[in-house]
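Heads up, the sequence shown is in the numbering used here, so the first residue is 12 and it goes up one at a time.
Working notes, beginning with the structure itself.
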Amino acid sequence: MALLNLNPFLFLSMPGGGEWIIILVVVLLLFGGKKIPELMRGLGRGIRDFNDAKTNVTKELEEGMKEKENVTTTSPSSTTTNTHANHS
């Protein structure tokens, strides 16, 4: 009955100090001392690649928005100029 009254976000909280120690021991047992630096390098590369991709996508979106603004601001003035030139 007490399990039904638990907050669902209770299980999504960050691990505490003792829990981190248990996690580190399990990782050490699974991968061994020699594989952990290699694992961390791979994790670092993955994070760096993700951040680079995120930066590139953001930059491309901003450039696309600027191009759209430039086309929108220059397009109506050029059509009005062409309209006046054709009627003269």
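Even for Gly, the Cβ is constructed at its ideal location relative to N, Cα and C.
| Asked | Found |
| --- | --- |
| For the alpha helix (DSSP H) containing residue 43, list its first residue and its last residue. | Run containing residue 43: none; DSSP gives neither H nor E here. |
| Could you tell me the alpha carbon to alpha carbon distance between residue 25 and residue 78, rounded to whole angstroms? | 43 Å |
| Who are the Cβ neighbours of residue 81 in its own chain at under 7 Å, not counting the five residues just before and after it? | none |
| Please report how far the alpha carbon of residue 33 lies from the alpha carbon of residue 54, in whole angstroms. | 20 Å |
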